[in-house]
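**Q** In numbering that gives the first Met the number 0, the protein residues as written are 0 to 268.
Quick reminder that beta carbons are idealized off the backbone N, C-alpha and C, glycines included.
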Amino acid sequence: MPELPEVETSRRGISPYLVGHTILYADVRNTRLRWPVSAEILSLSDEPVLSVRRRAKYLLIELTRGWMIVHLGMSGSLRILPEYIEPEKHDHVDLVMDSGKVLRYTDPRRFGAWLWTDNPETSSVLAHLGPEPLEAEFSADYLYQASRGKKTAVKQWIMDNKVVVGVGNIYASESLFAAGIHPNRPAGSLNENEASVLVSMIKQVLQLSIEQGGTTLRDFLQSDGKPGYFAQALRVYGRNGEPCRTCGTLIETAKHGQRSTFFCRCCQR
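Encoded structure:
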């Protein structure tokens, strides 16, 4: 699933080709995504693009009369095409621009979404979200205070979008390893120093992944069609049974809910 770095990479990739340009029309070949494509998107015509922003794992495309909310789901990706190219089976949405370029949305599993809102602050899919991990609001004091009394395993807890947005499975595993914190520990057991280190590592891991274009494990591609390269820097995620690059102990895996967690029992306490 594309996580925050992949979505931010997509935002940075598509923004120069959208902002300041006009969407001539939307060509929606399949409306049956996670939720039906909003009627306002189906009827787009000559809409200037004012900005492209990100909130959690959602892209917000600001137009003169409202906002498109785009979620990549489990397998979605956005590409900028230099001109119209005949779509393939899983190419579900095109935004045709006045420049002649096309923003194409591809989603084999169709768990993504193209929604509409007049105001992102009142949108039902955005209203419940916690702070952005790369913003100042997500601080050591915030995380420490929020964790008091929490018995949930710290890995599951930091993946809760009400606590902090965008820390998905890959980056939760990597951040906890970098912070030296075992993923099974209750969130409430973190002391102030550990909370500070964890916040720093979450920010550092996410920023590094963004700089490297995200993590390509299966379906994610950047807006130019190239893979992300952060997968080469993964220290625990997907490395079950391989030696830890710090101490040599074999990396282990455990299930938390439906997700696999990867950790080093020697480096993480």
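1) Using C-beta distances below 8 Å, list every residue in its chain close to Met96, excluding the 5 sequence neighbours before and after it, in chain order.
2) At 3 residues or longer, what runs of the beta strand (DSSP E) sit wholly inside the segment 13-40?
3) Compute the beta-carbon to beta-carbon distance between Gly65 and Thr116, rounded to the nearest angstrom, for a pair I have assumed lies under 8 Å.
4) Assign Ala135 to buried or exposed, taking buried as 16 or more other Cβ atoms, counted over all protein chains shown, within 10 Å of its Cβ.
5) Just the Cα atoms here: how many angstroms apart are Ser275 and Glu173?
6) Return the chain-ordered list of same chain residues with a C-beta closer than 6 Å to the C-beta of Cys265, the five sequence neighbours on each side being excluded.
7) Our contact map puts Val48 next to Ile60 with C-beta atoms below 8 Å; I'd like the distance itself, whole angstroms only.
8) In chain order, which continuous runs of the beta strand (DSSP E) of length 3 or greater are located wholly inside the segment 87-137?
9) Do you know how far the Cα of Thr105 is from the Cα of Arg258?
10) Counting only the same chain and skipping the five closest in sequence on each side, list residues whose C-beta sits under 7 Å from that of Leu142.
11) Apart from the five residues just before and just after Arg204, which ones in its own chain have a Cβ nearer than 7 Å to its Cβ?
**A** Result, derived from the coordinates:
1) Cβ within range, chain order: Tyr16, Leu17, His20, Thr21, Ile22, Leu23 and Leu102.
2) Listed in chain order, the complete beta strand (DSSP E) runs (minimum 3 residues) inside the segment 13-40 are 21-27.
3) 6 Å
4) exposed
5) Only positions 0 to 268 of the chain appear in the structure, and residue 275 is not among them; the question remains open.
6) Here the set comprises Cys246 and Thr248.
7) With a beta-carbon spacing of about 6 Å, Val48 and Ile60 fall inside the 8 Å limit used to define contacts.
8) 90-96, 101-105 and 112-116
9) C-alpha separation (whole angstroms): 24 Å.
10) Ala194, Leu197 and Val198
11) This sequence places Val at residue 204; Arg is not what is there. Excluding positions up to five away in sequence, the list reads Tyr170, Glu173, Ser174 and Ala177.
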